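*Asks:* In our numbering, the protein residues as written are 66 to 572. Structure provided below as structure tokens; questions to follow.
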Amino acid sequence: MEEIRQALKRERTHLQAGQMIRAKRGQITDYDELDRIASAEQQAAEIQLKKTPPLKLFWTIGLFARDQEELDELSKRLEELLRHAEIRAHRALFRQEEGLHSLLPLGINTLGDWRNIDVPAMGQMFPFLHTTLLEPEGVPYGIDRTTGAWVVVDDFDQGNPNTIILGEMGSGKSMFLKMRAAWFTLLGGRVYCLDLEGEFDGLAEALDGVCLDFGLGQSENQLNVIGINSKSGNGFIEGMEDLLSWIALAAGELDPAERNEVIDAWQRMMYEAGITQNDPQTWTRPMPRLSDLYAVLSAELKPAAQSIAERIKQYAVGIYAGAFDTRTNIDVDNNLVVFNLRDVRDPRMKALRMRQIIGFIWNHVLTDPRPTWIVVDEAWNWLQHPLAAADLEEIARRFRKRYGALVLATQHVSDLSASAGAQVIRDTAGVTVLFRQKSASAAAAGQLFRLNEVEVEELVTQGPGEGLLIAKGRRIPIYVPVPPNLMRRFTTNPKDRQRLAEGGDVS
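Okay, here's the thing in structure tokens:
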């Protein structure tokens with residue numbers, strides 16, 4: 066340490082003396098020399114004030130070839146790469162034997178060359194140095210690209226088990242999402258998938274799960290907008306609040322007068338159906354439908370009631386009644402349930418369907434609390450809608466208390482700032498997986514997730530199926546292996562699907 070301090074002191078004295086001589090002679094400023102002075106001053110401050118230990122770096126690279134010509138070609142290519150990285154390298158032309166000994170895993174520098182380096186600079190050379198993340202109760206995420214070991218993470222062994230997956234089209238994020246859901250299901254977890262594009266059918270088929278079509282047409286799977294969870298002590302009020310939220314999403318925000326009209330209509334409608342707040346035994350009776358609420362509101366002469374009735378008419382007795390004026394006819398007892406929303410094209414209708422599905426899932430979680438994931442792919446569809454994002458935000462906040470986690474995948478960094486709800490989801494995620502990004506998006510992701518320059522560059526150069534896992538204070542480059550039989554089922558690449566349709570195979 067003392068030797069390094071004295072060497073830096075001599076270097077600073079030499080550089081500053083040269084600068085003073087140049088100034089005395091009236092010569093122009095040498096900015097390269099100023100840069101060297103600043104660098105020497107910074108290193109001295111790091112050692113003297115911050116007590117950062119100086120390190121000695123000796124880096125030997127060995128090249129092996131079949132003949133001299135191939136060796137010369139490899140050497141030139143390596144030197145070009147190093148020059149591009151602004152690294153100065155020297156060939157050990159007359160010390161080949163010493164160089165070979167230095168390559169052996171003995172920790173002995175037989176060449177005798179070295180240079181000083183500080184800790185931050187050394188850290189840049191090894192950006193992904195970490196201990197193995199292998200938790201027995203966890204779920205496999207992939208293979209560590211630096212060690213070749215499996216990375217296994219227990220999402221529920223941290224403050225918030227929610228996960229964000231970010232990656233551009235073709236980066237492998239959806240394949241990773243399916244593999245992760247498959248692992249979780251096989252290990253005894255329960256998975257509910259909100260499938261916007263009909264891409265999770267293969268997952269359900271592979272694991273004997275259930276795939277439910279929730280299009281707006283004549284779907285055989287129905288969920289009632291109106292419902293009470295008979296297992297909850299406050300089910301009557303919670304059911305009313307769920308209905309208010311759904312109407313706000315379907316018909317726009319309610320003012321106080323309109324809200325009061327819906328509450329009064331709820332009580333009258335339930336009373337007519339023989340369901341009362343003070344008798345939980347009645348909560349298991351057949352629920353009224355949206356058309357019953359519409360009838361109660363239409364019979365009321367107050368302008369607020371008439372306004373709401375007019376705004377929900379299309380859902381209660383109009384063109385969308387087949388989707389929303391129904392009674393629940395599904396009771397799924399399966400570890401993997403896929404809700405297929407492929408045929409729902411309108412963003413507002415997607416949000417309404419999601420509201421129904423989340424209510425159904427929430428009731429199941431309250432009734433049977435066990436490790437559960439809600440998987441949402443292509444979440445940008447909902448994050449940009451404030452009320453839909455608010456629904457996901459509520460899951461992100463409350464679901465962990467019921468042994469649940471929200472697993473959300475989207476394409477762009479900006480999606481995570483599209484609304485207040487999106488920002489909450491982003492900030493409460495305990496695990497983040499970043500797949501390939503374009504340069505501009507990678508820079509934004511770097512700022513958002515506090516990545517260094519090497520990690521940002523890694524996001525740009527990653528291949529399909531390669532990602533950067535951020536969990537429990539670690540940043541691990543992973544690769545997601547997919548067995549060929551599952552690749553055939555899970556792939557959404559149009560070329561792969563065409564090849565399979567023609568009797569071929571996928572790579």
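Glycine included, every Cβ here is placed at the ideal spot set by N, Cα and C. In this text the structure is predicted, and so the values were computed from the model without any measurement.
Going straight from the alpha carbon of glutamate 303 to that of isoleucine 328, what length do you get?
*Replies:* Taking the sequence shown and counting its residues from 1, the one referred to as residue 303 is at position 238. Taking the sequence shown and counting its residues from 1, the one referred to as residue 328 is at position 263. Cα to Cα, the separation comes out at about 12 angstroms.
*Asks:* Output the distance between the C-alpha atoms of threonine 526 and glycine 235, rounded to the nearest integer angstrom.
*Replies:* Taking the sequence shown and counting its residues from 1, one reaches residue 526 at position 461. Taking the sequence shown and counting its residues from 1, one reaches residue 235 at position 170. When rounded, the distance between both Cα atoms is 13 angstroms.
*Asks:* Identify whether phenylalanine 301 lies in helix, strand or coil by the three-state DSSP scheme.
*Replies:* Residue numbering aside, residue 301 sits at position 236 when the sequence shown is read from its first letter. The answer is helix: DSSP assigns phenylalanine 301 an H, G or I state.
*Asks:* Just mark isoleucine 173 as buried or exposed, buried being the case when its beta carbon has 16 or more other beta carbons within 10 Å.
*Replies:* As a first step, residue 173 must be located in the sequence shown, where it is residue number 108. Exposed.
*Asks:* So, helix, strand or coil for alanine 338, using DSSP?
*Replies:* Taking the sequence shown and counting its residues from 1, one reaches residue 338 at position 273. In the structure shown, alanine 338 sits in coil (DSSP, three-state: anything other than H, G, I, E or B).
*Asks:* Is asparagine 289 helix, strand or coil by DSSP?
*Replies:* Residue numbering aside, residue 289 sits at position 224 when the sequence shown is read from its first letter. Looking at asparagine 289 - three-state DSSP - the assignment turns out to be coil, as it is neither helix nor strand.
*Asks:* Can you check which of these residues, Val472, Gln476 and Lys415, is closest to leucine 580 by C-alpha distance?
*Replies:* An answer regarding residue 580 cannot be provided, because it is not within the stretch 66 to 572 covered by the chain.
*Asks:* Let's see if you can read the secondary structure: which residues bound the alpha helix (DSSP H) around tyrosine 359?
*Replies:* On the sequence shown, residue 359 is found 294 positions in, with the first residue counted as 1. Looking at the DSSP string, the run of the alpha helix (DSSP H) that includes tyrosine 359 is 355 to 364.
*Asks:* Which term fits asparagine 405, buried or exposed, when burial requires 16 or more other beta carbons within 10 angstroms of its beta carbon?
*Replies:* Taking the first residue of the sequence shown as position 1, residue 405 is located at position 340. It is buried - the Cβ of asparagine 405 has at least 16 other Cβ atoms within 10 Å.
*Asks:* Could you tell me the boundaries of the alpha helix (DSSP H) in which phenylalanine 555 lies?
*Replies:* Position 490 of the sequence shown holds residue 555. Note, phenylalanine 555: alpha helix (DSSP H), 549 to 555.
*Asks:* Taking 8 angstroms as the cut-off, decide whether the C-beta atoms of asparagine 253 and proline 529 are in contact.
*Replies:* One-based indexing of the sequence shown puts residue 253 at position 188. One-based indexing of the sequence shown puts residue 529 at position 464. For the record, residue 253 in the displayed sequence is glycine; it is not asparagine. Not closer than 8 angstroms, so no.
*Asks:* Short check: CB of glutamate 318 to CB of alanine 369, under 8 angstroms?
*Replies:* Along the sequence shown, read from residue 1 onward, the residue named residue 318 stands at position 253. Along the sequence shown, read from residue 1 onward, the residue named residue 369 stands at position 304. Not closer than 8 angstroms, so no.
*Asks:* Are the region 245 to 264 and the region 360 to 378 in contact at 8 angstroms, needing three or more beta carbon pairs?
*Replies:* No: the two stretches stay apart, fewer than three of their Cβ pairs being nearer than 8 angstroms.
*Asks:* Pick helix, strand or coil for leucine 259, following the three-state DSSP scheme.
*Replies:* Along the sequence shown, one-based indexing puts residue 259 at 194. Of the three classes helix, strand and coil, the one that applies to leucine 259 here is strand, per DSSP.
*Asks:* Counting Cβ pairs closer than 8 angstroms, one from the region 337 to 355 and one from the region 279 to 286, do we hit at least three?
*Replies:* At 8 angstroms Cβ cutoff, the stretches do not touch.
*Asks:* What is the DSSP secondary structure of leucine 136, counted as helix, strand or coil?
*Replies:* What you label residue 136 is simply residue 71 of the sequence shown in a count that begins at 1. Correct three-state label for leucine 136: helix.
*Asks:* Within a Cβ cutoff of 6 angstroms, which residues of the same chain sit near glutamate 306, ignoring the five residues on either side of it in sequence?
*Replies:* For the purposes of this step, residue 306 is taken as the residue at position 241 of the sequence shown. Result list for glutamate 306: empty, nothing under 6 angstroms.
*Asks:* Of the residues Ala461, Pro201 and Ser372, which one's Cα is nearest the Cα of valine 218?
*Replies:* In the sequence shown, residue 218 corresponds to position 153, counting from 1. Nearest C-alpha to valine 218: Pro201.
*Asks:* Determine the contact status of alanine 510 and valine 489, defining contact as a CB-CB distance below 8 angstroms.
*Replies:* As a position in the sequence shown, residue 510 is number 445, starting the count at 1. As a position in the sequence shown, residue 489 is number 424, starting the count at 1. Not closer than 8 angstroms, so no.
*Asks:* By Cβ distance below 7 angstroms, which residues in the same chain neighbour glycine 224 in space, the five residues on each side in sequence not counted?
*Replies:* By 1-based counting over the sequence shown, the position of residue 224 is 159. Cβ neighbours of glycine 224 beyond the five flanking positions: Gly495.
*Asks:* Can you look up phenylalanine 404 in the DSSP assignment and give me helix, strand or coil?
*Replies:* Here the question's residue 404 lines up with position 339 in the sequence shown. Looking at phenylalanine 404 - three-state DSSP - the assignment turns out to be strand.
*Asks:* Among all the DSSP beta bridges, which residues are the ones paired with tryptophan 586?
*Replies:* Nothing can be reported for residue 586, as the shown portion of the chain is limited to 66 through 572.
*Asks:* Once the 5 residues before and after threonine 598 are set aside, which same chain residues still bring their CB inside 6 angstroms of it?
*Replies:* Look at the range of the chain in this structure, 66 to 572, and you will see that residue 598 is not part of it.
*Asks:* Go through its chain and collect everything with a Cβ distance to arginine 376's Cβ below 6 angstroms, but skip five positions before and after it.
*Replies:* Sequence index remark: in the sequence shown, residue 376 carries index 311 (1-based). If we look at arginine 376 and ignore the five residues flanking it on each side, its Cβ neighbours are Ala316.
*Asks:* Can you grab the Cα-Cα spacing for the pair leucine 533 / threonine 557, in whole Å?
*Replies:* In the sequence shown, counting from the first residue as 1, residue 533 sits at position 468. In the sequence shown, counting from the first residue as 1, residue 557 sits at position 492. Computed Cα separation, rounded: 22 angstroms.
*Asks:* So, under 8 angstroms CB-CB, glycine 486 and alanine 454 are touching, yes? Tell me the CB distance rounded to an integer number of Å.
*Replies:* To locate residue 486, count along the sequence shown from 1; it is residue 421. To locate residue 454, count along the sequence shown from 1; it is residue 389. The Cβ separation is near 3 angstroms, so the contact holds.
*Asks:* Given this structure, state the Cα-to-Cα distance separating lysine 243 from glycine 292, to the nearest angstrom.
*Replies:* What you label residue 243 is simply residue 178 of the sequence shown in a count that begins at 1. What you label residue 292 is simply residue 227 of the sequence shown in a count that begins at 1. Answer to the nearest angstrom: the Cα atoms are 31 angstroms apart.
*Asks:* Any contact between the region 92 to 104 and the region 146 to 157? By contact I mean 3 or more CB pairs, one from each, below 8 angstroms.
*Replies:* Verdict: no, contact absent.
*Asks:* On the CB-based measure, 16 or more other CB atoms within 10 Å of its CB, does arginine 515 come out buried or exposed?
*Replies:* Along the sequence shown, one-based indexing puts residue 515 at 450. Arginine 515 should be labelled exposed.
*Asks:* Report the option in Asp209, Pro546 and Gly177 whose CA atom is closest to the CA atom of phenylalanine 241.
*Replies:* Reading the sequence shown from its first residue, position 176 is the one you call residue 241. Cα-wise, what sits closest to phenylalanine 241 is Pro546.
*Asks:* Which class does isoleucine 173 belong to by DSSP, given the choice of helix, strand or coil?
*Replies:* If you number the sequence shown from 1, residue 173 lands on position 108. Three-state result, isoleucine 173: coil.
*Asks:* Which same chain residues end up closer than 8 angstroms to threonine 212 when comparing Cβ atoms and leaving out the 5 residues on each side of it in sequence?
*Replies:* Within the sequence shown, the letter at position 147 stands for residue 212. These residues qualify, in order along the chain: Thr197.
*Asks:* In whole angstroms, what separates the C-alpha of valine 382 from that of glutamine 512?
*Replies:* Residue mapping note: residue 382 aligns to position 317 of the sequence shown, counting from 1. Residue mapping note: residue 512 aligns to position 447 of the sequence shown, counting from 1. So the two alpha carbons sit approximately 50 angstroms from each other.
*Asks:* Tell me the DSSP secondary structure of valine 498 in three-state form.
*Replies:* Counting from 1 along the sequence shown, the entry for residue 498 is found at position 433. Looking at valine 498 - three-state DSSP - the assignment turns out to be strand.
*Asks:* Please determine, among Phe500, Leu277 and Ile395, the residue with the shortest C-alpha to C-alpha distance to glycine 263.
*Replies:* Against the sequence shown, residue 263 aligns to sequence position 198. Closest option to glycine 263, Cα to Cα, is Leu277.
*Asks:* With distances taken from CA atoms, which of Ile543, Leu417, Ala388 and Val430 is nearest valine 605?
*Replies:* There is no way to answer for residue 605, as the model of the chain reaches only from 66 to 572.
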